[in-house]
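Residue 99 in the working numbering sits at position 17 of the sequence shown; the count goes up by one each step and never skips.
We put the CB at the ideal spot given by N, CA and C, even for glycine.
Heads up: the structure comes next, in structure tokens.
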Amino acid sequence: MLHHVEENAPLESCGLLAGNHARVEKVILVRNQAQSPVRFVMGPYEQLRAFEWIESHALELVGIFHSHPAGPEMPSATDIAEAAYEVVQIIWSRPNGGWSARGFWIEDGKAVEVALSIHGR
Ligand SMILES: [Zn+2]
């Protein structure tokens, strides 16, 4: 994820996280069709293909990530309004120059931070 986020900055980048039981097994990078520094749009065809891949590997969508190269560290009002799936939303931002990721659960028009942890295999 970090490489994808860094490579696309200052444009926002995005992708899907596939796994099981809230554990990520596979990161699927998706092109930001909007090619914008303040917005991301996943191409419907690419998204469909990703969902087919996830299903054919007996995984499920557990998260969606995108970057905010110019901040903020949390989901924007647009992110909250457009959150279409009940999965963790990961936002990459660089508040102090270095990239970091924070996870949020969006429900009823509000974003609540959730803890992320990194596990080895
Ligand atoms: Zn956003």
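DSSP three-state call for residue i: helix, strand or coil?
i: Arg131; result: helix
i: Ile200; result: coil
i: Val87; result: helix
i: Ala193; result: strand
i: Glu137; result: helix
i: Ala100; result: strand
i: Ala165; result: coil
i: Ala183; result: strand
Could you give the C-beta distance for residue i and residue j, rounded to a whole number, given that I count them as a contact under 8 Å?
i: Ala148; j: Ile173; result: For the record, residue 148 in the displayed sequence is His; it is not Ala. Confirmed, about 7 Å.
i: Gly125; j: Gln117; result: Contact doesn't hold; Cβ gap of about 11 Å is too wide.
i: Glu142; j: Ile136; result: 7 Å
i: Val170; j: Gly191; result: About 17 Å; that fails the 8 Å criterion.
i: Trp181; j: Val87; result: 6 Å
i: Glu155; j: Arg184; result: 6 Å
i: Ala91; j: Pro151; result: 4 Å
i: Phe186; j: Pro157; result: 5 Å
i: Gly97; j: Met83; result: 7 Å
>> With three or more C-beta pairs closer than 8 Å as the rule, is the segment 156-168 touching the segment 107-114?
In response: no
>> Tell me which residues pass a beta-carbon proximity test against ligand 1: closer than 5 Å to any heavy atom, given in chain order.
In response: Ser158 and Asp161
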